[in-house]
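Here is the structure we will look at, set down as structure tokens.
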Amino acid sequence: MPVQPRSRVVILGGGTAGWMTAAALSALAGAACKVTLVESADIGIVGVGEATLPHLRAFITRLGIDEHAFMAATEATFKLGIEFRDFGRIGDRYIHPFGSYGQPLNGIAFHHHWLRRRGADGTSPIGDYSPAVVAAEQSRFAFPSNRNVTNSFGYAYQFDATRFAPFLRTWSEERGVRRVEGLVANVDRDDPTGDVRALQLSDGQRIEGDLFIDCSGFRSVLLGTALDEPWEDWSHWLPCDRAVAAPCASPPGPIEPFTRAVAMPAGWRWRIPLRHRVGNGYVYSSAHCDDATAQAALLDALETPSLAEPRLLRFKAGRRRRSWVGNVIAVGLASGFLEPLESTSIYLVQMAITRLLEHFPGRTIEPVDRDGFNAAVDAEYDRIRDFLILHYHATTRDDSPFWDHVRTMRIPDSLEEKLELWRRSAQVQQYGYGLFLEPSWVAVYLGQGIIPERWDQRADLLGEEALDRALAELRAAIAREVAAMPDHRDQLMRAA
Amino acid sequence: MSASPPIRTVAIVGSGVVAGMAALALTRTLPHARVELVTMPVPAEALADRLPRLWPSAFPLLPSLGLAEADLLARGIAAPLLARRFTGWSRSGGRWMCPEGETVRIPGTGALHQRWLHAGARMAFHDLFPAAALAEAGRFSPDALVSTELAQADVTLALAPDRFGAVIGAGCQRANVVVSEGPLQAALPGPDGGWRAIRLASGRVIEADLFVWAAGKPLPGEEWLDWSGVLPADRLTVTRTDASGLVDEYETVGDGWRARWAHGDTGIGAVAFNAGIGQAKPVSDAAEPLKLTPGAAAYGWTGNLLRLGDGAAQLGALALPGFTLAAHHLLLALELLPARDMEPVLVAEYNRRARLRTEHLRDFVAAHYLAGGRRRGPFWTGLSAVEPPSSLADTLAQFRRRGQLPHRDEDSVPADAWRAVLLGQGIRPAVPDPVVLGTDRNVERQTLMSACRSLAMQAAQFPDGAPAPGISFVRVPKPHTAQD
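Protein chains in written order, with the numbering used here: chain A, 483 to 978; chain B, 5 to 488.
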């Protein structure tokens, strides 16, 4: 295999996406590339993703970052799932846990057995068979262990996203990433290939590179503006296009190890408990709610006074048709946007970085690099999109024009097929790769009241008595082991 | 429980192990249904029935049959196979293996095959498989599969058709499967490409909610997708040989390839070739070539008619994947088993997933021919001009570029097996993996060699040859992780 000189990678943008990319490339591909990151203090960062998914743990571990140091620097708490309130109908609530419900019995997924005994004496909500749900409900947390029945869960973090990028910046610069302060005045492109050759900065600096990573956020300076890659609009399925955010002081009492999403008349409201404050925001559709009303609704819902002026964010659901064009790869918001209902923003950054490492081109880019990367990214976006739409569409709410719209809208065929499969058979369309596998779909389907007509016929082969006994034993074991877990706040003190 | 009542009658057509397996699994899944097996001789060409190999990916079917792989091995119903060995297949002509299971786990940075490529080690990639170490040593014990160092080893089950058929038959008898004398004379069409009823040669008409065609050949007159271009061996001669060992052997000759397969207490010698190109020297003058028709039915399930075995897809004799594919199809059918009204959404989902699984397995077999290996000899010369299916073309392009495999749902082949074949055939990625570039080659080389020596030493502790009947063991579950 020929030895190639290190390629020059230029990252534009110093937010979460930019510094995550810089950190990963410097730590994992330092022998293959030299990384320069261009950012400007004059451009604020969105600071996406206060709430994250368990995959972030793998990212941190792979880079060799100390979890304690990371959590302390970002005021992080542990997260076991997301609580959804009022989505299926007003008054409903459920937790989408990080982990599965129960365990397969006779090779059949647990939810089929639970459906069979649903409504029978002694059968409790399916959440009682999830260690993550039970622990979240009691604000307890312990690290997963292989020793007991509570090992079937994962955990993520809730953190101050504005502190994540600075943490990674320090970490990356120690590993050789060159940071350049400056604003892009011009993008020099090659004729006739159209590839980007250099970024011309307003102070006269010229940053040349072989590969350019666009982490410039919604502005999408390289992929969107310079290369004019078309935008695929998904706002007809995901109509929320604004958010107003305001932190408040932590109320006394337990720190919940979960994020809360509360359905609102024109969208939903988040609540993310950190160590030092609580993050709040109202994601809404501007076609159904004006900014002032949204802001008032958010402030009205805060448990303690706001710590800062509410901040308004504008966005649109969708993605660039391709994330990698020529020698430009967009990562994060420069590539696309899916609203944070399931905390996917940082995951999408991480996923793109992983795919980039898999398809890292060296100094010469071939179409096969781009094709492989784009196909993998597209599949992830499509599947997450369907999952998010499900949260809105699976409702009986008719109390506002917004919910009327999302309840009655035409959904993607791919989601319609998944829904129909579930309704008829309690089967979840299977895929082996990507985010939100069977337990997640089961959580939302059941949590939002879509009860299938029947279950896997093989579940009936287990005797009722034996099944009831197995369910009771599992429930008791989970309750017992969760009761032995420390309080979440105490666990954070230990980790500090 | 359901608005639509469950299936109450099933009629399965076929006399081979595929039909029997379907009857047993369906009657155990639907204990209140009447399951009827209509005998119909399976042709000698029905490789899924005649030469059943159960790959580890399909072991999850066994509980549906009331069986376990340990029990099949212990009772001598199956022989363990640790690898397929290929001689003359790569352009350089070297020998390589596709072992069962995964590569050994060695602490370090990056994927093991990328580390091996970077290190430039002299050892073959397959030497990093615990199963290969056992195969090279000619040693096996079920204990090897639960030992710490060799835990990534696995086995394919070479099922003895007569013994396996007897076990399945006994199971069917216990489960009150009704056996009716065939053959089938006519099928009376029903809605959506299904059957309303079948008429037997005796004149008897059988109606059923679900029909299974498992007669070892495509349905007469049915659309059959022709894959002979990418699976070019369409003739096969077979003959009994002496007992074989723990490895299936494949060696190229100018007109095709020869194989030596384990088969119960004996072995089978085979020669595969293409009728339009030439004829390799048969292993026995008496052996009549079998006519293979590589391809697949356009749909595996239409209306109330499910196709299994060689009537659903034929992927040829190389690696003998037919029975494993039938097992996967049956497992999927059990998972998505519709109610009596044959919900179209379930049938559609079955066809979607079954097609993916069939095509990915076809790609794996086709890669042995089309991944740029041997091109000398009449059989092989023309393969350079054969265009792979687009999914395989994508796999080859991605692997040639950086040693990456596209993520595929419904793949019966572990990623390490794909890597063993593509690297064995001589593909060397053009671009190095950035993650392993920073490691010291010499240190990495020593690390890998040390691991191989350790594997060899571990393997040497186990007894020669296949296990004696009566040995039993408990397997540590090895779930196939969706995402590393």
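Don't be surprised by glycine CBs; every beta carbon is placed ideally from N, CA and C.
Rounded separation between residue i and residue j - CA only
i	j	result
L650/A	P146/B	49 Å
D969/A	G735/A	11 Å
G589/A	A745/A	36 Å
L830/A	G818/A	9 Å
S698/A	D75/B	60 Å
P607/A	S825/A	25 Å
A504/A	V492/A	9 Å
G24/B	A136/B	33 Å
R357/B	D603/A	37 Å
I572/A	D610/A	22 Å
R845/A	R701/A	27 Å
H758/A	A139/B	59 Å
D672/A	V678/A	6 Å
V150/B	V417/B	21 Å
I933/A	T878/A	13 Å
A769/A	A331/B	53 Å
Which of helix, strand or coil DSSP assigns to residue i
i	result
V659/A	coil
H267/B	strand
H578/A	strand
V181/B	coil
L71/B	coil
L519/A	strand
E920/A	helix
P586/A	coil
L903/A	helix
L681/A	strand
V257/B	strand
N668/A	strand
I960/A	helix
M483/A	Legend: pLDDT at M483/A = 49, less than 50; position of this residue unreliable, value from coordinates given subsequently. Coil, per DSSP.
S96/B	coil
S896/A	helix
Q640/A	strand
E946/A	helix
Interface partners of residue i on chain B, CB under 7 Å
i	result
D432/A	With chain A represented from 483 up to 978, any question about residue 432/A goes unanswered, as that position is not in the structure.
Where residue i meets chain A, residues with beta-carbon distance less than 7 Å
i	result
P64/B	G589
A401/B	V850
Per-residue contacts from residue i into chain A (C-beta, under 9 Å)
i	result
G442/B	L510, A511, G512, A513 and A514
L350/B	L903, R906, S907 and Q909
A343/B	R906, S907, E935, R936 and Q939
P67/B	N588 and G589
Neighbour flag for residue i against chain A, beta carbons, 8 Å
i	result
P392/B	no
L340/B	yes
V150/B	no
E353/B	yes
E106/B	no
R357/B	yes
E347/B	yes
Cβ of residue i within 8 Å of any chain E Cβ
i	result
P10/B	Absent from the structure: chain E. Protein chains present are A and B.
Closer than 8 Å to chain B by CB, residue i
i	result
R906/A	yes
G854/A	yes
G844/A	yes
A858/A	yes
Within chain B, partners of residue i - CB distance below 8 Å
i	result
E840/A	R406 and Q408
Under 8 Å from the C-beta of residue i: neighbouring residues of chain A
i	result
L34/B	Q939
V417/B	Under the 8 Å cutoff, chain A gives no residues; its nearest Cβ is about 13 Å from V417/B.
V181/B	Those within 8 Å of V181/B in chain A number zero; the least Cβ separation is about 17 Å.
Residues that residue i contacts on chain B, provided the C-beta gap is smaller than 9 Å
i	result
A667/A	In chain order: nothing, as chain B lies at least about 31 Å away.
| Contact between the region 246-254 of chain B and the region 81-95 of chain B: three or more CB pairs below 8 Å? | The count of Cβ pairs closer than 8 Å, one atom from the region 246-254 of chain B and one from the region 81-95 of chain B, reaches three, so the stretches are in contact.
| field | Inter-stretch contact at 8 Å, needing at least 3 Cβ pairs: the region 37-50 of chain B / the region 61-76 of chain B | value | Touching, no, given that fewer than three Cβ pairs across the two stretches are closer than 8 Å.
| Touching by the beta-carbon criterion (3+ pairs, under 8 Å), the region 401-416 of chain B and the region 43-53 of chain B | Contact fails: fewer than three Cβ-Cβ distances are below 8 Å.
| Touch test, the region 892-904 of chain A against the region 836-852 of chain A, Cβ-Cβ under 8 Å, three pairs minimum | Flag = no, the region 892-904 of chain A and the region 836-852 of chain A do not touch.
| said: Under 8 Å, with one C-beta from each stretch per pair, do the region 609-624 of chain A and the region 579-594 of chain A reach the 3-pair mark? | reply: Look at the beta carbons and you see the region 609-624 of chain A touching the region 579-594 of chain A: at least three pairs across the two are nearer than 8 Å.
| request: Evaluate the contact criterion for the region 308-319 of chain B versus the region 206-220 of chain B: three or more CB pairs, one atom per stretch, below 8 Å. | output: Yes: at least three Cβ pairs fall under 8 Å.
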